[in-house]
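Numbering (my numbering), first residue to last: 1 to 358. Note that CB positions come from ideal geometry on N, CA and C, so glycine has one too. Just so we're clear, the structure is a prediction, and the values are computed from it rather than from any experiment. For reference, the structure discussed in these notes is given below.
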Amino acid sequence: MAKIHTIRVEPLTAAIKALVRGFGSSPREVDLVTENLVQANLTGHDSHGIGMLPRYSEAYVEGGLKANAHVKTTLDGGAMLSLDGQAGFGQVIGHEAMEMGIARAKEYGTCILALGNSHHLCRIGAWAEMAVAENLISIHFTNVISRPIVAPFGGGDARFGTNPFTVGIPVPGGEPILLDFATSVMAQGKARVAYNKGEQMPAGRLIDEKGHPTTDPKFAVVAPHGAIVTFGEHKGYGLAVVCELLGGALAAGMACREPATGEKRVLNGMLTIIFDPAKLASGALFGSEMKAFLEWVKASPPQPGFDRVRLAGEPEREMRAKRMAEGIPVDETTWGEILTAAERLKVSPVEINRLAGI
Ligand SMILES: NC(=O)c1ccc[n+]([C@@H]2O[C@H](COP(=O)([O-])OP(=O)(O)OC[C@H]3O[C@@H](n4cnc5c(N)ncnc54)[C@H](O)[C@@H]3O)[C@@H](O)[C@H]2O)c1
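Quick look at the structure:
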């Protein structure tokens with residue numbers, strides 16, 4: 001078991017901002033990248049938190065990730081927008097794209113937003129949260145252009161990425177529904193976290209380089225590579241294909257079609273549908289029907305091993321409250337990789353440690 005540093009949000013944020021400045025980013029970019037990554041850790045998704053920065057630093061040095069890039073509009077059809085992320089930080093590109101999509105959805109009642117060529121958009125739920133905060137529903141189909149790491153149902157090697165599917169629904173007078181998951185049985189970063197901690201994965205998640213089931217996370221992290229399987233067998237596989245077709249082929253003009261190129265950059269394509277539920281149905285009726293259904297579902301008696309029934313978005317809110325109070329656990333291997341990334345970006349690792357209180 002690797003050593004764990006538990007770092008409170010403020011010092012961790014200060015340390016990560018110092019690191020992100022090493023990309024030559026504007027103060028706004030430093031804030032957006034840092035806040036997005038720390039929020040991912042706060043919600044419990046360490047796979048999409050500060051541990052992404054070593055990969056980002058390698059992609060930046062290779063030229064696959066561009067600092068200070070902004071979205072470029074390639075097609076403006078009013079309620080339909082097509083945007084190019086210009087290989088910029090997904091934390092900036094995603095934010096700017098959602099700001100535009102939300103403004104259009106407020107104007108027209110809906111916006112279909114096609115985004116391509118964005119560097120890693122990270123936790124897609126963050127983009128759904130932006131729409132939900134404006135009382136809008138948003139649905140996201142996302143593909144991943146990187147080394148293929150997920151096997152098709154029945155296939156023995158990797159053919160596409162972890163293609164997340166995400167829906168945010170505001171609930172009047174209640175907490176929103178935030179459904180946000182990879183169509184692989186787990187996010188790839190979860191294998192990296194387990195590998196860094198020296199832990200095995202549960203059965204049924206991975207195949208090795210020969211296509212045989214394994215519990216060793218190394219097959220998703222280092223060569224010789226195996227693959228992660230999709231969730232729900234053929235069902236998750238089908239949804240992954242839809243994400244690739246809509247988020248990749250349609251929104252980005254870029255679908256997964258070849259083995260690893262060895263490049264470190266991770267690009268996402270994302271098709272987002274944003275709409276105002278109040279323009280589609282009576283807000284009061286929709287709200288009361290939702291509330292009644294959600295209460296009915298939550299009243300289900302818990303099975304042995306469960307304390308209660310939860311709704312999508314609840315585990316993240318609970319984890320955020322816990323980690324805000326107690327700090328964010330970061331394993332020694334991940335922290336070591338962050339310090340190496342600092343060196344790569346000509347930022348003093350001693351200063352990063354000092355800011356983090358390590
Ligand atoms: N940018 C990319 O390329 C990329 C690729 C893959 C995944 N991701 C991100 O990775 C993150 C993690 O994905 P994941 O598949 O590991 O997520 P996960 O398996 O932890 O599932 C998360 C979803 O399930 C819900 N959930 C969890 N436990 C629940 C319970 N007990 N009851 C009800 N609902 C519950 C959560 O609220 C959330 O909506 C996501 O934010 C996703 O967007 C990004």
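Handout entry: Span of the beta strand (DSSP E), counted from its first residue to its last, around residue 20
Key = Not the beta strand (DSSP E): residue 20 falls in the alpha helix (DSSP H), residues 9-21.
Practice task
Using 7 angstroms as the cut-off, classify the Cβ of residue 233 as near or not near the heavy atoms of ligand 1, replying yes or no.
Solution key: no
Exercise for the section: Check residue 235 in the structure and name its three-state DSSP category. Expected result: helix
Practice task
Say yes only if the C-beta of residue 313 is nearer than 7 angstroms to one or more non-hydrogen atoms of ligand 1, and no if none qualify.
Solution key: yes
Handout entry: Spatial distance of residue 45 from residue 164 (CA atoms)
Key = 13 angstroms
Problem - Spatial distance of residue 85 from residue 266 (CA atoms) - result: 12 angstroms
Handout entry: Distance cut-off 7 angstroms: residue 187 Cβ against heavy atoms of ligand 1
Key = yes
Practice task
Could you tell me which uninterrupted beta strand (DSSP E) segments, each at least 3 residues in length, are contained entirely in the segment 236-297, listed from first to last along the chain?
Solution key: 267-275
Handout entry: Three-state secondary structure (DSSP) of residue 149
Key = coil
Practice task
Return the bridge partner residues of residue 165 from the DSSP annotation.
Solution key: 141, 181
Practice task
Alpha carbon to alpha carbon, how far is residue 33 from residue 285? Give it in angstroms, no decimals.
Solution key: 39 angstroms
Problem - Candidates 13, 43, 37, of which the one nearest residue 323 by Cα - result: 43
Practice task
Please state if the CB of residue 184 and the CB of residue 231 are separated by a distance shorter than 8 angstroms.
Solution key: yes
Exercise for the section: Over the uninterrupted alpha helix (DSSP H) stretch that includes residue 95, give me the two end residues. Expected result: 90-108
Handout entry: Minimum length 3: unbroken beta strand (DSSP E) runs contained in the segment 308-333
Key = 328-331
Practice task
Could you pull the start and end residues of the beta strand (DSSP E) that residue 73 belongs to?
Solution key: 72-76
Practice task
Enumerate in chain order the residues of its own chain whose CB-to-CB distance from residue 93 is below 6 angstroms, with the five nearest sequence positions on each side excluded.
Solution key: 71, 85, 118
Exercise for the section: From the DSSP output, in three-state form, read off residue 68 for me. Expected result: coil
Practice task
Could you spell out the range, first to last residue, of the beta strand (DSSP E) harbouring residue 83?
Solution key: 80-84
Handout entry: Inter-residue CB distance, residue 240 and residue 150 (contact presumed, cutoff 8 angstroms)
Key = 7 angstroms
Problem - Span separating the alpha-carbon of residue 9 from that of residue 20 - result: 16 angstroms
Exercise for the section: Provide the residue span of the alpha helix (DSSP H) that contains residue 189, from first to last. Expected result: 188-197
Practice task
Please say whether residue 248 and residue 255 have beta carbons closer to each other than 8 angstroms?
Solution key: yes
Practice task
Identify every residue that forms a DSSP beta bridge with residue 115.
Solution key: 83, 270
Handout entry: Cut-off 7 angstroms between Cβ atoms - residues of its own chain near residue 190, not counting five sequence neighbours on either side
Key = 47
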